[in-house]
Ligand code: MRU
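Residue numbers (the numbering used here): 120 to 462.
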């Protein structure tokens with residue numbers, strides 16, 4: 120499996136996810152601004168992956184600082200800009216804060232030592248993420264029957280993380296222990312992460328996958344063709360409400376209507392304890408042209424308006440369980456989330 124993102128000497132390189140699956144191209148970032156632009160423009164996407172990219176970006180930024188005096192001020196400025204790259208996935212803020220703690224802890228050390236430690240911390244964030252996803256997979260595979268058709272949305276796979284994936288990690292783990300899993304992947308308009316990335320990853324893994332139009336999910340469920348739904352998350356509030364790719368909310372409601380369990384797989388770094396409920400989660404609105412164009416071609420009538428929220432919020436009452444690296448959290452979520460953090 121190709122890595123999503125890695126250090127290459129002094130630079131950071133990431134697979135350009137806008138080009139997949141037609142071509143596998145590396146995108147090299149030499150400065151922290153390059154990383155911000157890569158996150159904004161979807162070269163790299165997926166909550167844990169953009170957290171890792173932000174950490175590596177800050178290490179790049181720290182590496183460019185020439186003098187110890189004023190280091191912290193400059194580093195904090197860079198952190199402030201990095202946090203704004205995309206607003207919904209809290210993993211980005213989480214990673215920036217973790218890097219900030221290292222910078223603070225190392226403040227008395229020589230400049231080179233601080234820079235080295237920040238680079239190493241960003242690598243640790245990546246390595247830990249893969250381990251966390253494997254744990255999510257181990258816990259999560261228990262909810263997958265021996266034979267199962269699983270519906271998923273967007274891409275919560277290796278490409279959206281340091282590797283292995285969250286929702287796809289659960290599917291991967293079930294497959295690895297011999298369960299017969301078949302996946303339905305929502306195409307996930309407008310960026311088509313399901314069609315381009317999830318289908319690509321699962322096919323590489325030899326896991327049966329069928330792509331459906333987003334609007335076919337209700338029909339699929341009513342036809343009893345899906346046994347469960349598993350998605351990732353971009354931010355989970357302290358009460359268990361889940362922000363994820365636009366279209367997740369309707370899947371969760373449809374799953375409830377059709378008596379199908381709806382699971383969310385996410386690391387603890389996706390849970391934002393500072394936010395009481397999903398209503399407070401900032402939802403990114405992207406350029407309407409992402410809806411109106413297919414590639415470079417405008418499809419809609421000239422001058423038409425488009426509304427393009429990138430995420431939605433699923434109230435926790437629709438979530439059967441949140442699968443974390445410390446185990447499953449079930450309703451009542453506020454208490455369950457507190458417990459899992461205390462483990
Ligand atoms: O806009 P994207 O592609 O960054 O959105 C990604 C998602 O919504 C994923 O489901 C989420 O980040 C979880 S990834 C493990």
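No residue lacks a Cβ here, since even glycine has one placed at the ideal position from N, Cα and C.
{"Asked": "Quick check on residue 446: does DSSP put it in helix, strand or coil?", "Found": "strand"}
{"Asked": "Scan the region 380 to 417 and note each continuous alpha helix (DSSP H) run of 4 residues or more that stays entirely inside, going in chain order.", "Found": "408 to 411"}
{"Asked": "Give me the residue from 419, 395 and 431 with the minimum Cα distance to residue 457.", "Found": "395"}
{"Asked": "Buried or exposed, going by whether 16 or more other CB atoms sit within 10 Å of the CB of residue 196?", "Found": "exposed"}
{"Asked": "Under the three-state reduction of DSSP, which class applies to residue 349: helix, strand or coil?", "Found": "strand"}
{"Asked": "CA-CA distance, residue 263 and residue 361?", "Found": "21 Å"}
{"Asked": "Residue 233: buried (16+ other C-beta within 10 angstroms of its C-beta) or exposed?", "Found": "buried"}
{"Asked": "Measuring straight from C-alpha to C-alpha, what distance separates residue 301 and residue 247?", "Found": "28 Å"}
{"Asked": "Quick one: grab the DSSP three-state call for residue 135.", "Found": "coil"}
{"Asked": "When the distance is taken between beta carbons, is residue 407 closer than 8 Å to residue 421?", "Found": "no"}
{"Asked": "Is it right to say residue 398 is buried, meaning 16 or more other beta carbons lie within 10 angstroms of its own, or is it exposed?", "Found": "exposed"}
{"Asked": "Starting from residue 115, follow its DSSP beta bridges and name the residues at the other end.", "Found": "Shown here, the chain extends from 120 to 462; a query on residue 115 therefore has no answer."}
{"Asked": "With distances taken from CA atoms, which of 374, 387 and 435 is nearest residue 166?", "Found": "387"}
{"Asked": "So what's residue 302 in DSSP terms, helix, strand or just coil?", "Found": "strand"}
{"Asked": "The alpha helix (DSSP H) spanning residue 152 covers which residue range?", "Found": "151 to 159"}
{"Asked": "What three-state label does DSSP hand residue 364 in the structure shown?", "Found": "strand"}
{"Asked": "So what does DSSP say about residue 319, is it helix, strand or coil?", "Found": "helix"}
{"Asked": "Enumerate in chain order the residues of its own chain whose CB-to-CB distance from residue 419 is below 7 Å, with the five nearest sequence positions on each side excluded.", "Found": "411"}
{"Asked": "With a threshold of 7 Å, establish whether the CB of residue 273 neighbours any heavy atom of ligand 1.", "Found": "yes"}
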